[in-house]
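Residue numbers (our numbering), protein chains in the order written: chain A, 4 to 434; chain B, 265 to 1330.
Where is the CB? At the ideal position from N, CA and C, for every residue including glycine.
Only a predicted model underlies this, so the values are computations on that prediction, with no experimental measurement involved.
Comments concern the structure below.
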Amino acid sequence: MSRDAFRFVHATSLRLDEPLSGTGMLSPDDRALAEDATFYAFEQIVETTIGAQADFLLLTGNCFHSRTQSLRARVALEKGFERLAAHQVAVYISPGSQDPASSWRTLIHLPPNVTLLSDEEQEPVAVMRDGRVLAAVYIVASPHSDETKWSASGPTVMQRHQAPFRIGIVPAGTPLAWKDGRPVAINNLGLSRAAVTLVETAIADQTEYLALGEGLPRTEYYPGGLAHDPGCSQSLDGTVSGSRGCTVVNVPVHGSVTMDSVAVAPVRWETISLVVEPSHNWDDLVERMALAVMERVADNDERLWILNWRISGQGPIFDSLPDRNSQHELWELVEAELEGETDVRRSHRLISVENYGPVDSNRSAPTGLLRQFLEILDGLDGKDFDHVRQLMHKHPAFERMDWRQAKDLLDRTGFTGVERQTRELAARWLD
Amino acid sequence: MAAQGELASMKIQDLEIDRFGVWNGVRFTFEEGRMSVLYGPNEAGKSTLMRFIRGVLYGYLPSDEKTGGPQPKPVHCSGTLRVTHRGELYELRRESKPGTRGQLEINGRKVHDEDPLLKELTGDATEQLFQNIFAIGLHELQQLATLSGEEVASHIYGLSLGPEGEQLLRAHAGCDAEELRLAGDDGSHGHIHSLLVQLKDADEELTRRGQPFSRHSDLHQRLGNLEDEIRGIKKKQTQFHSNLRGYQFLSRVHAPWSRERAIRLQLERLPVDDLDREILDRLDAVEVELSQKGDERKSLIEEARKHQHDAEQIKTRPALEEQHCKIQNLFENSRKMAELEKSLDGRGQPQRSNTSPIQDPAFHSLISRLEGHWDQPRIEQAKVGPATMRELLKRARDYSNAGRSRARTVKRYKRGTTLLRKLQNDWRTVSQELGDQNPSEARRLLDRRLKEIEELRGLQLRKDHLQKTLELVGQQFSPTIVGGELPPFFWMILWMFVVGGLILFGAGAYAASIGYDGVVAGKATAWIVGACYTLLGACAIGTAYTMKRHFQAFEFHAPQRAHDRHALENELHRVEQAIQRLSGKPLPGQSPTALAFASQVVTDEEQANQIRQRLSQLGNYELQATRIERLRRKLSGMRQKLQERQRQLSRTRREWTEALRRLGLSETLKVSQAIEQCQLVGEAQTLIREWNASHHNVDLQRQELKAFLAQVDELATKIEGPGYHVRDPYALLSEWNREVQLLGERRRERNRLRQTAKEKRRVASKLQDKIENLRQQRVTLFKRLGVADRGEIAAKLSAIDERRELEQKLKGLRAELHKVAQTEPEMAIVEEDLLSFNEADVLSKIESLRGKLSEAEGLLEDKHEELGILKSQLREVEDDRTLTSLRFEREQILHSLKESLEQWYAAKLTDQLLSRLRHQLEKERQPKTLKAASEFLYRLTGGKYHNIWTPLDERALLVDDENGQSIRVQHLSSGTREQVFLAVRLAMIRDFGEQGVELPMILDDVTVNFDQTRTEAAVQTLQDVAERGQQILLFTCHQHLAHLFEAEGIEPVWLPAQRPEMQLQA
């Protein structure tokens, strides 16, 4: 089946009006920017879609959070859709785990250019231009995919549909992960493997473009197509760093699909690791930090960088880092060093201080008690962590009503950060 | 060591009690080097014996010197202990002395309890230590507190596990502090609590504000309604505007329309004549032109007829004309063909002697230079070209490079192996020299030896010092009084004090005796004054005496010669033994013979220097070993590299030969030869191509000539007729060509004449059409004028002029109307409206409409204002960032809370891991005493308990059982607990022994709570301890225990029963 060349913009996890987390202290201007960052990002996505003369905009979940029920998010979406409608640009939306279809229907007024896809059993939607079908868009799997609830005909992906170009959507919150370029099930009790089966079917069926919506940037190639996640349009915390935005997908008449990433997020997160040697002085440290910052190139739309520093090492300079005054002085020196380098504003945070560096040939490994401690720590498994959590549950504080939220948060606390902090504590007290 | 220990330790040989407790005039002798068991029933005086030994060594207690009973009476205690120490016998006798703990005599010499000899005998062990560790009864054994004294605890508990233990405790404390900071005691304070409070406040604020959906919807609804209203008003307003404009337009149009209507009616009355004067002129011109064209036509027809006649007179040859193109072509080729024929005739028959280029000498020469069998097909098949040459050269270059690279690597590898071989040879020499030692071990031994030498030198200095001291001790000393230097005023003050004192004393005594009451009234006062004077006098005398004693002289007492000499000799003996031990050691790396020689001729200093030199040399050896190891690693790397180079060479050679094979060349590894061969093949291919090209041309030429002649024959048949014989085709072609040239000129002339005649006829024909057209025009003009002749035309011209004037006026009025109409292009007025137009009526309607419009505008303005307010409110609601800001604030608090919980989690985890680490350390790094005690316990309990340990930060003992479970001693059964304490004491006694505190161990019925198995184990253990040199006196009241020892070959001492019934039984 011959196809026409076309172009579309793929964006996901807009999470409009959801707050950024862990920004630290910000100036009033930066704070205002951080508060409205998701809106700026969405505006830029709309502008990019219009500017790129795209045929349609594809949103693959978590555009907003139904729990928040933000009026601003609703207004922003409606205005954005109206603006796209004015330029005859269609919008295809698949609901994610945070913005279910019911929320879209009740909260957002959708103009005619917007098509809301519901789940994997919905028939493919044809993308048209001048009376010709450009592509078929359908949901491959959804956050609630469950084989027990499928109809007799089964999900769309299991039926052979003919289209010049097929775009399968795996929206945000779909319970699967990717390993070695293949979808794998998330090993949680109560989660169905149906989503993985559906995505594997789509891959086996050589779906030309699998639009992933989890918000974690990723591109996986397979015979006959590719799976792509442009990443969240604006990272809400430091877990996703670097420039964030959307992807302009170009589909030629013949040949492979090409993709251009367009950064739209005004706030960029960066986590930078640095090792401080005992021989270093302030100037050395400042210079190295400035160089590390300068290695990163600012995108046009970026206006604020939140730099999370993870510093390890030894020596007097290193020892002075936990002091807040020293940190303040350090940030000022780094900013002075970087003056005139980039137009973006920067906010620095020291998130981790480990008083020994990574073990390599030039660095002696931790010795004595610390080494033994780390050996024990390395030998721990999830049960040990859970045991400690159970011990914490016995603290009298958790009997209080006002600590219920703390208990929930504690139960959701992951092991990675705890392990890292444990290492830091041990290094502080035992080295 | 045991024998040496036995010599050094104090051992009780016998004890002789004159009077102590129940004992009177008894003597017990203990067998040396064996365990002594004293059996006696209850009240036989076993504990009294133990108290007696302690009393002799440390002094009797007041309770020892009193009788029992409700009214105790003083008892004079005395007795003697005969002990051996360092091979000498000492007799220690203590006798009660009131106010003291008894007078001690050692070897008949009265000494006080701080006497150095006594301290040496007891190892300076305190009485408490002796009582808690060495001489214990069941009571002491059962009490954990007896192990808690500082002196004892330092051995058992180790106080700490060193800096690491302190670090662990600090870390634990840090974790606790962190936990307290974050979570507080009960969650009512602390960082997390404050964050929770902040979070709650933020949540409440968010709940209070809520989402403004209803307000937004309400505003939207109101906005929609208002916009509908405005649209309605605007619609009405438009209607009013339209009507107003209509009436205004009607009133503006009516006046010009009335005038236009009047002229229009006047025009209708005039006849409509459309006669034009110009039409008359045109009619005249048509008639003149008609006459001229007729004449011209006649002349042209005559000329055409004449040209046609001339053309018919010219003759031609059609057959020749038909073939003139072919003739032309053949004629043009005839000269070339003639030359070709001539040249071919010159060549005659084609030479077919060289049927193959291989027979060409040049080609043959080339072939002969090529290696292998080459023929024409093979050469032609060989693919030699610039691209293949380039590829061949590239392969050649790769091959050469790979070869050179491999050669370089081989060269480097060989250099490396040579160097390694040389270093290994050197190293073999070093290894032979070192024997089975490695340099670091040798260095360690030498370092130790160097320290020993330094120690030896110190010992020798000590020995000299001791020898000199002994010499001095041998000399006679007598008490000496040395006068001190007294200041001159001393005697004066002394006498002043003495005299003053005497006077005051006398005065005081006198005043007291006579009852002096002169100054102060009262008899009693006089006594007090007297007493004061007396006291002052006594003080003055005392002061004077003391000053005299202090300043006047001091005494030297000669040393107690025998005792000190003995101590010095012992020390000298130890020093000499140490010197002998150290001197006897060979120098590491030297044979004993070499040592003998060295010890004779080499001093310690020289030996030390030799060792230092040797250390330096060993340092070089270590460097050499390191270098060999490094070189080995490097060679290993080079071997891999060489293999890689070899693989690369094979690969490039394979590619090279493959390239040659593709070119069809013989396989050779000589690059230049292959290139030369390739070039020769190329040249041969060129020669073959040239040969083929030349033979092909001659054949083509012959075929061309033959075709040419055939064409001429065929043409002659067509032109001259069948049967015509062509003798000279070239001459015939020349003749035909000349004729064709002439025929061409004739044909062109004839054509020209025909063309001219035709043109003339065509022009004549056109003139006839024009004449007809002019005639038609004349008829049409008459018809248009509506006349039959020219007279009727003049009458009509005057009516036309009048009508034109009226029409001009009408045009002006219509322009005026059009101008008015343009002001309202959308308006249309029907004539009926104009006919029924009433000016007063229309003006009234206009006024009414203006009023309504004004009213609508006012209303619209109000509605717009309301709309603006609503839009502003809507925008305000939509742009309200308060909730966003609040949520942002809440998220930051939540983030801090998560971080704090993570920190708490980490602190808790760290605490748990520290506990594990601590437990691990507690298991691994227990004091030496407890390790030894664990061994004893293991034996005493038959393997049931194997480990005694103490926690890091408390004075407590824990015992691990066979299942690895740790139990506090308090939780053990009393028997096991006693076994633990016995084991601890045995270990401590061993420790004290190593520190020089070597006292007999006295156990008073400590095994009473042991079961049979453990009692036997205890017997065995105690025997083993005794065999190692520790004297043990075991008192028991249990016959089975005494028999157990008896069975082991230890004859118990059977104490006489003190109780009457027991004596009877005996």
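### Query
So, is the C-beta of residue 425 of chain A closer than 9 Å to a C-beta in chain B?
Put simply, the CB of residue 425 of chain A is near chain B, with a gap under 9 Å to one of its CB atoms.
### Query
Who are the neighbours of residue 379 of chain A on chain B, taking C-beta pairs under 9 Å?
1177, 1180, 1181 and 1184, listed in chain order.
#### Entry: chain B residues whose Cβ lies nearer than 7 Å to that of residue 69 of chain A
Among the residues of chain B, none has a CB under 7 Å from the CB of residue 69 of chain A; the nearest is roughly 12 Å distant.
#### Entry: Where the beta strand (DSSP E) through residue 624 of chain B begins and ends
Annotation: residue 624 of chain B is outside any beta strand (DSSP E) and is labelled neither H nor E by DSSP.
### Task
Could you check what DSSP says for residue 1314 of chain B in three-state terms: helix, strand or coil?
Looking at residue 1314 of chain B - three-state DSSP - the assignment turns out to be coil, as it is neither helix nor strand.
### Task
Round the Cβ separation of residue 590 of chain B and residue 979 of chain B to the nearest angstrom and send it over; I've been treating them as touching at under 8 Å.
Going by Cβ atoms, the distance from residue 590 of chain B to residue 979 of chain B rounds to 6 Å, so yes, they are a contact pair.
### residue 1090 of chain B (DSSP reduced to helix, strand or coil)
The three-state secondary structure of residue 1090 of chain B, taken from DSSP, is coil.
### Any chain B beta carbon closer than 9 Å to residue 351 of chain A
False, the Cβ-Cβ gap to chain B never drops below 9 Å.
### Message
Between residue 403 of chain A and chain B, is the shortest Cβ-Cβ distance under 9 Å, so that the two count as touching?
### Response
It does; some Cβ of chain B falls within 9 Å.
### Query
Could you give the distance in angstroms between the alpha-carbon of residue 34 of chain A and the alpha-carbon of residue 1157 of chain B?
The straight-line gap from Cα to Cα measures roughly 15 Å.
### Task
Can you say whether residue 949 of chain B is buried or exposed, counting buried as having 16 or more other CB atoms within 10 angstroms of its CB?
By the 10 Å Cβ count, residue 949 of chain B comes out buried.
### Message
Which runs of the alpha helix (DSSP H) at least 4 residues long sit entirely within the stretch 323-401 of chain B? Give them in chain order.
### Response
If one requires a minimum length of 4 residues, the alpha helix (DSSP H) runs lying completely within the stretch 323-401 of chain B are 380-386, in chain order.
### Task
Out of A:266, A:47 and A:316, point me to the one whose CA is closest to residue 282 of chain A's CA.
Of the listed residues, the one whose Cα sits closest to residue 282 of chain A is A:316.
### Message
Please list, in chain order, the chain A residues whose beta carbon lies closer than 8 Å to that of residue 476 of chain B.
### Response
Neighbours of residue 476 of chain B on chain A, chain order: 74.
### Task
Verify whether the separation of the beta carbon atoms of residue 1285 of chain B and residue 1304 of chain B is less than 9 Å.
By the CB criterion at 9 Å, residue 1285 of chain B and residue 1304 of chain B fall outside the cutoff.
### Beta-carbon neighbours of residue 24 of chain A, restricted to chain B and to distances below 8 Å
Correct list: 1155, 1156, 1158 and 1159.
### Task
Output the distance between the C-alpha atoms of residue 396 of chain B and residue 1242 of chain B, rounded to the nearest integer angstrom.
Taking the CA atoms as reference points, residue 396 of chain B sits about 13 Å from residue 1242 of chain B.
#### Entry: Residue-level contact to chain A via CB, residue 491 of chain B, 9 Å cutoff
Not a single C-beta of chain A is nearer than 9 Å to the C-beta of residue 491 of chain B.
### Task
Return the chain-ordered list of same chain residues with a C-beta closer than 8 Å to the C-beta of residue 683 of chain B, the five sequence neighbours on each side being excluded.
Correct list, in chain order: 895.
#### Entry: Sub-9 Å separation of residue 913 of chain B and residue 680 of chain B beta-carbons
Contact check for residue 913 of chain B against residue 680 of chain B fails: the beta carbons are separated by 9 Å or more.
#### Entry: Option nearest residue 568 of chain B by Cα separation, candidates B:1297, B:1194, B:1026 and B:1082
The residue with the shortest Cα to Cα distance from residue 568 of chain B is B:1026.
### Limits of the unbroken beta strand (DSSP E) element including residue 280 of chain B
Taken as a continuous stretch (DSSP letters only), the beta strand (DSSP E) holding residue 280 of chain B covers 275-284.
#### Entry: C-alpha distance - residue 1212 of chain B paired with residue 1306 of chain B, whole-angstrom precision
A straight line joining the alpha-carbon of residue 1212 of chain B with that of residue 1306 of chain B spans about 29 Å.
### Cut-off 7 Å between Cβ atoms - residues of its own chain near residue 766 of chain B, not counting five sequence neighbours on either side
In the same chain as residue 766 of chain B, and ignoring 5 residues on each side of it, the C-beta atoms closer than 7 Å to its own belong to 801, in chain order.
### Message
Within 8 Å, do at least three Cβ pairs link the stretch 939-955 of chain B to the stretch 641-650 of chain B?
### Response
Cβ pair count under 8 Å is three or more, so yes.
### Query
Excluding five sequence neighbours on each side, which residues of the same chain lie with their C-beta closer than 8 Å to the C-beta of residue 222 of chain A?
Cβ within range, chain order: 229, 230, 231, 232 and 262.
### Task
Out of A:149, A:147 and A:141, state which residue places its alpha-carbon closest to the alpha-carbon of residue 162 of chain A.
Nearest C-alpha to residue 162 of chain A: A:141.
### Task
Just mark residue 878 of chain B as buried or exposed, buried being the case when its beta carbon has 16 or more other beta carbons within 10 Å.
Of the other Cβ atoms in all chains shown, 16 or more fall within 10 Å of the Cβ of residue 878 of chain B; this residue is therefore buried.
### Beta-carbon proximity check, residue 23 of chain A vs residue 44 of chain A, cutoff 9 Å
With contacts defined as CB atoms closer than 9 Å, residue 23 of chain A and residue 44 of chain A fail to qualify as a contacting pair.
### Query
Who are the near neighbours of residue 298 of chain B in its chain, counting only those whose CB is closer than 8 Å to its CB and skipping five residues on each side?
Cβ within range, chain order: 1290 and 1314.
### Query
Given 8 Å as the limit, is there contact between the stretch 654-661 of chain B and the stretch 926-941 of chain B, that is, 3 or more CB pairs closer than that?
Result yes; three or more Cβ-Cβ pairs closer than 8 Å.
### Message
Tell me which residues of the stretch 1130-1143 of chain B have at least one Cβ-Cβ distance to chain D shorter than 9 Å, keeping chain order.
### Response
Of the chains in the structure shown, none is chain D; the protein chains are A and B.
### Message
DSSP three-state label for residue 2 of chain A, please.
### Response
Because chain A here runs from 4 to 434, residue 2 of chain A falls outside it and cannot be looked at.
### Query
Nearest CA to the CA of residue 241 of chain B: which residue from B:977, B:994 and B:998?
Because residue 241 of chain B is not part of the residues shown, which for chain B are 265 to 1330, the question remains open.
#### Entry: Stretch pair the stretch 1019-1034 of chain B + the stretch 590-604 of chain B: three plus CB contacts closer than 8 Å
Contact fails: fewer than three Cβ-Cβ distances are below 8 Å.
### Message
Residues of chain A with CB closer than 8 Å to the CB of residue 960 of chain B, please, in chain order.
### Response
Simply none; closest approach about 48 Å.
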